[in-house]
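Undergrad: Sequential numbering from 331 applies to the sequence shown in the numbering used here. Structure in structure tokens, see below.
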Amino acid sequence: MRITLIAFCFGVWLLQQQAALPSARWLWLLPLLSAALWLPRFSRDVPETLRRLAVVLLGVALGFAWAAWRADLRLADRLPDHWQGVDLAVVGVVNDLPQVDTRGERFVLDIERTLTPHGPVLHRIQLARYWPREGARNPTVKAGERWQFTVRLKRPYGTHNPHGFDLEAWMLERDIVASGYVRENPSPRRLDAQAATPAAWIAATRAAIRERIAATLGDAPYAGVIAALVVGDQRSIPHDQWRAFTRTGVNHLLSISGLHVTMIAALAGWAVAFGWRRWPHAAERLPARQAGLLAAVLAASAYALLAGFQVPAQRTLFMLGVLALAFWGRREPRPFSALTWALFAVLVIDPWAVLSAGFWLSFGAMATILWATFGRVGQADKLRAWVTVQGAVTLALAPALLLLFQQVSLISPLANAVAIPVVSWLVTPLALLGVIVPPLWHVAAWLMAWLGQGLIWASELPWAVVSRPAPEGWALLLAVTGTLWLLLPRGFPMRAMGGLLWLPLIFPLRTSIAPDTFQADVIDVGQGTAILIRTAEHALLYDTGPAFAGSDAGERIVVPYLRTLGIGKLSGVVVSHDDNDHSGGLRSVLRDIPTGWLLHGLPTASPLLTAAPSPRHCHRGQHWQWDGVRFDILNPPVAAYAESGRRDNDYSCVLKVSRGGQSLLITGDAERRGELELLESGTDMSATVLVAGHHGSRTSSLAEFVEQVHPRYGIFTVGYRNRFGHPHPQVVARFRALDSNILRSDSGGRIRLTFGEAGVVASEYRPSHRRYWHTALFDE
């Protein structure tokens, strides 16, 4: 049975790798064909190997068909294209915890009905409500309330970079069919303070507990951690704390982990069984052991629901349910079977769970613990067993962490050895008991502050984290095989040889760039710019993308992308000028990636320069050469920084990168004045590739400038359906009139340009790595 369940789960995973959903007629044919292969397994004349193969094929087909059917239903509810950007009047219930930042509040709305005539039937949308420029800035939307809003929506769409976060997959899993913002005219109306639905009641309960925690703890540094442990609100944890938890590998403890659910179930089961034995009348009707099992499952279910029913909680809850049934029926419990059934249950309910990092890390950790401990003949003492389990989990999850995040915490075993008992057996129980006795939250926060200081110190150690490029599939498979080999029981011959299979992962093969050539990656950061330029031995980053509320593109997109390529150091950074969409990610880049120097068009007093290495203003005439490739700063003039009336955009550092007869020209946000200065400078402006100024705004890319450059490729760094309308149709027409190939980051994702002996070769990431849930654009 386990083989069939695993085959089903593999079929679910296989569907998520498809660029398009299969046709419905072929979808239902797959299980039928597999069943036809499966039926002969009852014949005695069929070899056992073929029988097992038939079972596996049937399981794979059923999993594939199930996931495809669920996906087809969910995609059918997405916002129709012609309703994007159109005002819609809707009534819905806030069934999640709203999040507040400096710009406004964000929340998920479950739609009950659409009031706009002939409007689309929507299920769930994600909305932002922005603060007014003047006046009150207090939260206005609360969980569990029913509201009437006028909203303006667009389809799910995110940035597309190798190994980057897939926003569209994240929204698909959560059944969010569109995102947008609330229109304040007509004014929103709250219809009910508490909607009479189970989901609204749970959301309101979670919100009330979160508010009580905030009121009790006030500005306590780790109040957000207490809220995360009680109601699963991880977004309340400050960014610096979460970074320290991630670098020390204890972040799994500061969410609703399986360990916490198990602990709550164990305490509840023990307490009920203890009391049940002392109640003879009840014990006669139901044995204390079974009463404890029932209490454990109910307590775990309640905690999982209160915490948002995340994948680790689901996995643990289903495993507990299977094991409880085994104990209830007085059967021998089989942990591997319980884990397999839990895996099956999670994917039946949520076929898109396989797309989340938490799914692989949660099930991977549990499988490793069972592999390293269950069924071993010689049981070690408790301390040695604890060390063995921590080492095994760290080793087993390392390949997955390198694939997902391109870094592994080396200090994780030591940090977890301290953090697990403190958080799981002290902080979490106190935080949960605080719902009944609020002063206990102070004790939990004090313990967490003591632990947090140590974790922050540990996270800053230079050897705390090791980074590696994203591994190839074959290297990942070898490392996983090597891990299984290394974790075999003692006495198994040549166990240490499993370590050899790790070598391709530890020492990956890197694609080299030949001398006298260079490669430019236009990273997809949405509405903003970040361009990585690499030669044989050097790397330059031009701009760092925008900053968001609570984070920035440098941390979320640029730094992970650099790690994906194995770039641990930048020779230099150029920040073109003082606009958020170009300089917003600078702090994170400088913090996480060692950098040689910084050229910039920022004001001298800019706070972004405080941590910058060797900052200098860029100006015309600066040039250098790396590995046979020439770099020239063409603008602004030296005298520009003494001008008081000059616009920020015209301080943009204009960079030209050249080799042989090929060149790349990047003008930042330079507008009419900057482009005229370039034309009047007498510099040769011709270039093979031009990154259009100001994202294709009509204030840039003058007809005479574009004609002088005469690019073979025109690049537009723009966000999907951006509010500025970039690129302007007139600007696009100017490039097309010169027969330039148009490449856009919103439709192409990351754009790679290779300048070499074969000329300029351009490729787009998104079209070659499509998945069925990615929003189709009009030009695809």
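C-beta atoms are modelled at their ideal positions from N, C-alpha and C, and glycine is treated no differently. Bear in mind that the values here come from a model prediction, so they are computed numbers and not experimental data.
1) Spell out a yes or no on whether the segment 338–353 and the segment 682–695 are touching, meaning 3 or more CB-CB pairs, one atom from each, closer than 8 Å.
2) Starting from the N-terminal side, write out each stretch of the beta strand (DSSP E) that is 3 residues or longer and does not extend beyond the segment 680–767.
3) Is the CB of Ala844 under 8 Å away from at least one CB in chain C?
4) Contact check, Leu383 vs Phe674 under 8 Å by CB: the rounded distance?
5) Is Arg960 closer than 8 Å to His953 when the C-beta atoms are compared?
6) When burial is assigned at 16 or more other CB atoms within 10 Å of the CB, is Ser906 buried or exposed?
7) By a C-beta neighbour count over all protein chains shown, 10 Å radius and 16 as the cutoff for buried, is Ile863 buried or exposed?
8) Under 8 Å: do the segment 595–610 and the segment 798–813 share three or more Cβ pairs, one atom per stretch?
9) Please confirm if the segment 828–848 is in contact with the segment 790–803, defined as three or more CB-CB distances below 8 Å between the two stretches.
10) Quickly, what does DSSP pair Tyr1043 with across the bridge? List them, please.
11) Which residue's Cα is closest to the Cα of Ser667: Ala1033, Leu1032, Arg1080 and Met331?
12) Mind the definition here: the segment 1000–1018 touches the segment 1034–1042 only if three or more C-beta pairs lie below 8 Å; say whether that holds.
13) Taking DSSP as the reference, what is the three-state secondary structure of Gln849?
14) What does DSSP give as the partner residue(s) for Asp522 in the beta ladder?
15) Once you ignore the five residues that flank Thr1084 on each side, which residues in its own chain have a CB closer than 6 Å to its CB?
16) Can you tell me whether DSSP reads Asn1052 as helix, strand or coil?
17) Taking C-beta to C-beta, are Ala747 and Gln720 nearer than 8 Å?
18) So Gln736 and Thr578 are supposed to be a Cβ contact under 8 Å. How far apart are they, rounded?
19) Ends of the beta strand (DSSP E) at Gln456?
20) What number of angstroms, rounded off, separates the C-alpha of Arg820 from the C-alpha of Ala508?
21) Kindly indicate the opening and closing residues of the alpha helix (DSSP H) around Gly434.
22) Which class does Leu995 belong to by DSSP, given the choice of helix, strand or coil?
23) Helix, strand or coil: which one does DSSP assign to Tyr1095?
24) Any idea if Phe822 is buried or exposed, counting beta-carbon neighbours within 10 angstroms, 16 or more meaning buried?
25) By how many angstroms is the C-alpha of Ala557 removed from the C-alpha of Ala523?
26) Pop quiz: Leu760 and Ala774 are said to be a contact at Cβ under 8 Å. What is the actual Cβ separation, rounded to whole angstroms?
27) Is the CB-CB distance between Ala1000 and Gly1023 below 8 Å?
28) Rounded to whole angstroms, what is the Cα-Cα separation between Glu973 and Leu1009?
29) With Trp804 as the anchor, note down where its alpha helix (DSSP H) starts and where it stops.
30) Express the C-alpha separation of Leu677 and Ala596 in angstroms, rounding to a whole number.
31) If you draw a straight line from the alpha carbon of Thr1105 to that of Ala397, how long is it in whole angstroms?
32) Along the chain, where does the beta strand (DSSP E) containing Thr1084 start, and where does it finish?
33) Relative to the C-alpha of Ala794, which candidate in Leu892, Val738 and Ser631 has its C-alpha closest?
34) Does the contact criterion of 3 or more C-beta pairs under 8 Å hold for the segment 1051–1071 versus the segment 447–465?
35) Hey, Ala303 and Val904: beta-carbon distance below 8 Å or not?
36) Taking buried to mean at least 16 other C-beta atoms within 10 Å of its own C-beta, is Asp570 buried or exposed?
TA: So, from the listed chains and residues:
1) Touching, yes.
2) Entirely contained in the segment 680–767, the beta strand (DSSP E) runs reaching 3 residues are, in chain order, 737–739.
3) Of the protein chains in this structure there is only one, and it is not chain C.
4) Contact flag wrong, Cβ pair sits at about 20 Å.
5) Yes; because the gap between Cβ atoms is below 8 Å, this pair is in contact.
6) The residue in question, Ser906, is buried, as its Cβ has 16 or more Cβ neighbours within 10 Å.
7) By the Cβ neighbour-count rule, Ile863 is buried, with 16 or more other Cβ atoms within 10 Å of its own.
8) Between the segment 595–610 and the segment 798–813 there are fewer than three C-beta pairs closer than 8 Å, too few to call the two in contact.
9) Yes, the segment 828–848 touches the segment 790–803.
10) Under the DSSP definition of a beta bridge, Tyr1043 partners with Val1019 and Asn1071.
11) In terms of CA proximity to Ser667, Met331 leads the group Ala1033, Leu1032, Arg1080 and Met331.
12) Three or more Cβ pairs closer than 8 Å define a contact, and the segment 1000–1018 meets that threshold against the segment 1034–1042.
13) The answer is strand: DSSP assigns Gln849 an E or B state.
14) Under the DSSP definition of a beta bridge, Asp522 partners with Arg476.
15) Gln849 and Val1091.
16) Coil.
17) Contact flag set, yes.
18) By a beta-carbon distance limit of 8 Å, Gln736 does not contact Thr578. Their separation comes to about 17 Å.
19) Here the beta strand (DSSP E) through Gln456 covers Arg454 to Tyr460.
20) Arg820 and Ala508: Cα-Cα distance of roughly 54 Å.
21) DSSP places Gly434 outside any alpha helix (DSSP H); the residue lies instead in the beta strand (DSSP E), whose first and last residues are Gly434 to Thr444.
22) Look at Leu995 here: in three-state DSSP terms it is strand.
23) Here DSSP, grouped into helix, strand and coil, assigns Tyr1095 to helix.
24) The residue is exposed, with fewer than 16 neighbouring Cβ atoms inside 10 Å.
25) Those two C-alpha atoms are separated by around 23 Å.
26) Indeed, because the Cβ distance is near 4 Å, the residues count as touching under 8 Å.
27) Taking 8 Å as the Cβ cut-off, Ala1000 and Gly1023 qualify as a contacting pair.
28) Going by the C-alpha atoms only, they are around 20 Å apart.
29) It spans Gly803 to Leu816 - the alpha helix (DSSP H) in which Trp804 sits, taken as one unbroken run.
30) Distance between Ala596 and Leu677, taken at the CA atoms: about 26 Å.
31) Straight-line Cα distance between these residues: approximately 19 Å.
32) Here the beta strand (DSSP E) through Thr1084 covers Ile1081 to Gly1086.
33) Checking every option, the nearest Cα to that of Ala794 belongs to Val738.
34) Contact fails: fewer than three Cβ-Cβ distances are below 8 Å.
35) This structure gives no information on residue 303, because the portion of the chain shown stretches from 331 to 1110.
36) By the 10 Å Cβ count, Asp570 comes out exposed.
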